[in-house]
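Each remark here refers to the structure printed beneath this line.
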Amino acid sequence: MTRAVIVGAGIVGAACAEALTRHGVDVVVVDRNPVGSGTTSRGEGNILVSDKGPGAELALAQLSRRAWLEVGDLLGRERIELEEKGGVVVARTGAGLDSLHAFAEGQRAAGVTALDVADPLALEPHLAPDIPGAVHYPEDMQVQPVLAAAELLAAAVDRGATFRGGLDAHAAVTDSDGSVSGIRAASGEVLEADVVINAAGTWGGEVSERLGAPVPVLPRRGFILVTEPLPPLVRHKVYSADYVDNVGSSDAGLETSCVVEGTRRGTILIGASRERVGFDTSLSVTVVETLARQAVTIFPFLARVNLLRVYRGFRPYCPDHLPVIGPDPRAPGVIHACGHEGAGIGLAAGTARLVSDYVTGGLTATTAGEWAALLPDRFAGLNKEARQQA
Amino acid sequence: MSTFTFDGGPVPFRPGQTVGAALVAAGRPAWRTTRVSGSPRGIFCGIGICFDCLVTVDGEPNQRACLVRAEPGQTVTTQEGTGHEHD
Amino acid sequence: MSTTDVLLIGAGPAGLACAATILAHSDLSVVVLDAGHGPGGQYWRQPAPAAGPNALVPGELADLHHDQTTFAELLQEVQRGRAEGRLELRSEQHVWSLVPVGDGYAAHTVDRAGGPSRTAGSTTRARAVLVATGAYDRALPFPGWDLPGVMTVGGLQALLKAGGVAAGRRVAIGGTGPFLLPVAAGLARRGSTVVGVYEANRPTLWLREARAVARNPAKLGEGAGYAGTLIRHRVPVRTGRMIVAAHGTDRVEAVTVARLDRAGRPVVGSEHRLAVDAVGVGWGFTPQLDLAVTLGVDRRPDVAGTEVVAVDDLQRTSRPGVYAAGEVCGVGGAALAVAEGTLAGAAIVADLGRGAAPESLVRQGRRSVDRLRGFADAILRAHPVPAGWADRLEPQTVVCRCEEVSYAAVRAAIDERGAGDARQVKQLTRTGMGWCQGRVCGYAAGLLTCGAPGPAVERLVSAPVPLGALADAAAGSDD
Ligand SMILES: Cc1cc2nc3c(=O)[nH]c(=O)nc-3n(C[C@H](O)[C@H](O)[C@H](O)COP(=O)(O)OP(=O)(O)OC[C@H]3O[C@@H](n4cnc5c(N)ncnc54)[C@H](O)[C@@H]3O)c2cc1C
Ligand SMILES: Cc1cc2nc3c(=O)[nH]c(=O)nc-3n(C[C@H](O)[C@H](O)[C@H](O)COP(=O)(O)OP(=O)(O)OC[C@H]3O[C@@H](n4cnc5c(N)ncnc54)[C@H](O)[C@@H]3O)c2cc1C
Ligand code: FES
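Protein chains in written order, with the numbering used here: chain P, 899 to 1288; chain G, -7 to 79; chain R, 11 to 489.
So this is what it looks like as structure tokens:
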């Protein structure tokens, strides 16, 4: 039986554990902290196709969407609060609407359902009346990330996987031929494995170095605003079209473009900012005020609603804004599954599919096809430079 | 004696008291029902920490009765659920 | 936006003492922001200022207060500072965030002075800030604790001191700590029948604290005063007892009290039921650390494991320009808060190079802090939460009052999903995600998961802020 050690019990590691145990792989998941307590507990639970242009990431998002629906059926959609609520992208100006329409056109060609909305108020009655137009993406979904991670991990454990919380993956155990045959914990304990999966999220860069297969993963800070609980006044995930441009940007400065969405328990989440400030944990009042203003512009009723909480997280991003998924030729036995930036929740189920195919032999670096763009090979020679740039 | 209106009826208070203190003095321990189970709630912490005492004052929902000063002629109303149910 | 030399957050004993020291020994300008209706904090809580023939005036509540002379002296200094235009005291101003800006700090504030429909935002900048935000009551869940009429002891006290209102005709008081006594005494003075004060711990624990007691004779006198009042009003004080349930449908009608065994567990068969119309419970206080945690100042555990702000012997935190005094540095009561506030004032004056407090004042302040801190630690050791506090919880007992999360749901998160701390329980069950952001249930969640209070929770926003007020601020800063 193939033995796999997964480093990281975030949404990605948990999804990998669930997928691998389905194929009979003997899995040990290790995390220095509790399940889902990393970036997985710091974001929203959007599973989006709407914000991605054609390419490998969109293809992964589409695969992942199907995989999430299967996971939902397996674990119970209620239990993980998986909802096919759909997204609505609103333009705030006529010019914005034109570029939104052009973007949607390209997505439709790639198989995304994107419906032009002439009357946004019919979809979202509380929107500002002067919104010129919108595009409706019925495929966008939402999940509660920590519940999902906990349930995915529990499903894997039910199939015989082991979870080792409080265990810091300190180093690789390396054979004479350079291949990795396990990990060494900070305590000195050795866990043997045929494959080691780097699902350490924002710390994936650090773990990759410890495994002798460095990939550049950097933090990108984001704040999210949470309101008081309300009746269901916002039905979809509603975001302004500038979000689409922000996602792909590598600008170091602050970017905010708000996404407004209701949650099951009534609170409204307003996200999210993007800043490259390392792991700086301080509160940025400017970000909070800017997000509030954008949200009130789209949904004027929010002006009278109280902000109760702000939380922040650090998205794991690679310099080219694509996740790194696949076997690392420099350290045979290591498979990366990290760097998903602001889409790791959405992409987790699909990532787990790819990882399980790589482990079980259904997929190799040479047969990766459309997934080749995500392989670690692309960082050959790039690592140092990228880290300096950060 | 000064009064404000609570759910249509007068509640006496002494200027300087909060809405919550006046309601408690008037023998009313609850003025809100919760979102999930519809349970009644009133003052718990008394100092603005717990948010159990939420009430609608002059049409503004979710005011802490233990903090809001009672004013003559104020309209105070029992609040259900999120306080925004009829927005 | 307004600018000042020194910003004091909190106008309780600590903040007022700091203000008085700065005014007396420097020419610095001071702004004091407080969420309440006026100066005094919890200890010297007053009715909101009001006029008219019928208005509640502080004088008629004087019998509920202590150390009124100290308060009067501090207020006099503050008034003088106001008259000289050096001090501004702004009430109903809740600082929702305190952040570093340039070589100083900015406090972003929700201004509620205009009443419910006119909540606005404002910002104050200063070179030095004092965090003197005090503490709040520590509550633990028990069956029926969510019934109207069940309150914290501090809540009962606040109704008395600020409203002149006794919350019930027949009141039971429970929990632990010396604070139960003044509340019971105040209620008795105001005509309530206090059916009993149920102190979970036994006086034997105090036998180990002889030194702290001997060094603080005034504390004994204070205690004796309450005891006298309680005897006069025939209030039974029972130790080794706990209120294990409250009963009623729309409001509390009765409580069940049980005896605790030596291990602190309720004894089966020891229960008795009492008719009441109000209940006060308190298990000590939790320091209000939201602003301090967000600023990232160093913290230390107190003798009971609760995180408090770590300060040097002049109340400096690990961040230059940030000082802390009072309950935020460890719960210890008003006299300690005054002593710490005085020291903080001396430090600020010296550090900003704008004067000097007399050596003797600093020496005396340090001695008081040392002695009173010793007594505060003794209180914490002699009044632990009993081991069996959760024995009588029922599956349907609400743990998180805001999100109405049951004990069964919390147990499932711990037992079935391996939740090992309050944060995990929150993520899995929403315990602590509601209006109060875990200020009420967080302590219980910590005890249930790891048997300890756990690290101070990070709350980047320390009070609700209307999004409209934030949006206006954003629009303003563009101009
Ligand atoms: C503000 C914000 C909003 C977001 N919104 C969304 C959204 O709407 N939709 C979406 O899809 N994504 C969103 N994201 C992104 C998403 O949260 C992340 O991409 C995702 O959580 C990454 O999951 P992960 O499992 O890779 O990482 P993590 O959840 O961080 O898990 C990695 C784990 O590895 C562990 N670990 C690290 N090093 C070691 C070691 N040496 N030994 C042992 N364990 C180790 C960590 O403790 C951690 O638990 C958002 C992120 C932010 C910050
Ligand atoms: C409800 C209650 C009642 C109490 N009653 C008594 C009593 O009767 N006798 C007794 O001996 N002890 C009492 N205490 C204990 C009390 O903590 C100390 O006696 C003493 O008041 C502590 O002084 P302090 O200055 O540290 O804090 P406090 O007196 O608590 O003062 C802190 C002040 O800071 C303000 N504040 C807090 N956060 C913010 C913010 N973010 N922005 C603006 N302002 C803020 C508060 O409004 C408060 O006025 C009580 C405590 C509580 C919680
Ligand atoms: S009673 Fe707790 S906030 Fe008012």
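Every residue, glycine too, gets a C-beta built ideally from N, C-alpha and C.
Contact with chain P by T74 of chain G, beta-carbon distance below 7 Å: yes
Chain R within 7 Å of G8 of chain G, Cβ atoms only: Yes, G8 of chain G lies at the interface with chain R (some Cβ there is under 7 Å from its Cβ).
Test: Q71 of chain G CB closer than 7 Å to a CB of chain P: Answer no: the Cβ-Cβ gap between Q71 of chain G and chain P never drops below 7 Å.
7 Å Cβ shell around T1188 of chain P - same chain, five flanking residues per side excluded: T1154
Any chain G beta carbon closer than 7 Å to P1127 of chain P: yes
CB-CB length for L1033 of chain P against G943 of chain P, believed under 8 Å: The sequence given here places Val at residue 1033 of chain P; Leu does not occur at that position. The pair is not a contact, with the Cβ atoms about 21 Å apart (cut-off 8 Å).
Pair within 7 Å by beta-carbon distance, A222 of chain R and F385 of chain R: yes
Proximal chain G residues relative to A61 of chain R, where beta-carbon distance stays under 8 Å: P7
Beta carbon proximity, T1188 of chain P to chain R, threshold 7 Å: yes
Same chain only: Cβ atoms within 8 Å of S1171 of chain P, ignoring 5 sequence neighbours per side: R1119, G1120, F1121, L1152, E1153, T1154, S1182, V1185, T1188 and L1189
Heavy atom of ligand 3 within 6 Å of G38 of chain G beta-carbon: yes
Listed by chain order, chain R residues near T26 of chain G by CB distance under 7 Å: E414
Assigned secondary structure, S101 of chain R (DSSP; H/G/I helix, E/B strand, else coil): coil
For V267 of chain R, the first and last residue of its enclosing alpha helix (DSSP H): Annotation for V267 of chain R: no alpha helix (DSSP H) segment contains it, though the beta strand (DSSP E) segment containing it runs A264 to R269.
Pair within 7 Å by beta-carbon distance, A256 of chain R and V262 of chain R: yes
Pick from P:L1128, P:A1246 and P:E1239 that is closest to D1218 of chain P, judged by C-alpha positions: P:E1239
Three-state class that DSSP yields for E981 of chain P in the structure shown: strand
Three-state secondary structure (DSSP) of G336 of chain R: helix
Cβ neighbours of A30 of chain R in the same chain (closer than 6 Å, five flanking residues each side left out): L84 and E87
C28 of chain R vs L140 of chain R beta-carbon contact at 7 Å: yes
Nonlocal neighbours in the same chain, by C-beta distance under 7 Å from V111 of chain R, ignoring five residues either side: R135
Below-7 Å beta-carbon distance, F36 of chain G vs any chain R residue: yes
Cβ pair N64 of chain R, R61 of chain G closer than 7 Å: no
Whole-angstrom distance between Q66 of chain G and D(-1) of chain G, CA atom to CA atom: 11 Å
Cα-Cα separation between A1048 of chain P and G428 of chain R, rounded to whole angstroms: 9 Å
Residues near L1245 of chain P in its chain [Cβ-Cβ closer than 6 Å; skip 5 each side]: Excluding residues within five positions, the ones whose Cβ falls inside 6 Å are L958, S962 and H1238.
A1139 of chain P vs V1232 of chain P beta-carbon contact at 7 Å: no
Rounded separation between Y475 of chain R and P1129 of chain P - CA only: Residue 475 of chain R is actually Val in this sequence, not Tyr. Taking the straight line from one Cα to the other gives about 19 Å.
Chain-ordered neighbours of A483 of chain R on chain P, where CB pairs are closer than 7 Å: E1187
Rounded C-alpha distance that separates W445 of chain R from R383 of chain R: 33 Å
Secondary structure of D929 of chain P, DSSP reduced to three states: The DSSP-derived three-state label of D929 of chain P is strand.
Contact under 7 Å by Cβ, Y5 of chain R with P463 of chain R: No statement about residue 5 of chain R is possible, as the shown extent of chain R runs from 11 to 489 and does not include it.
Rounded straight-line distance, which links the Cα of E1107 of chain P to that of W23 of chain G: The alpha-carbon atoms of W23 of chain G and E1107 of chain P are separated by roughly 59 Å.
7 Å Cβ cutoff met for T133 of chain R and R122 of chain R: Going by beta carbons, T133 of chain R and R122 of chain R fall outside the 7 Å limit.
C-alpha distance - L477 of chain R paired with A1007 of chain P, whole-angstrom precision: Roughly 39 Å separates the two Cα atoms.
Opening and closing residue of the beta strand (DSSP E) in which P1225 of chain P lies: In the DSSP annotation of this structure, the continuous segment of the beta strand (DSSP E) that includes P1225 of chain P starts and ends at V1222 to P1225.
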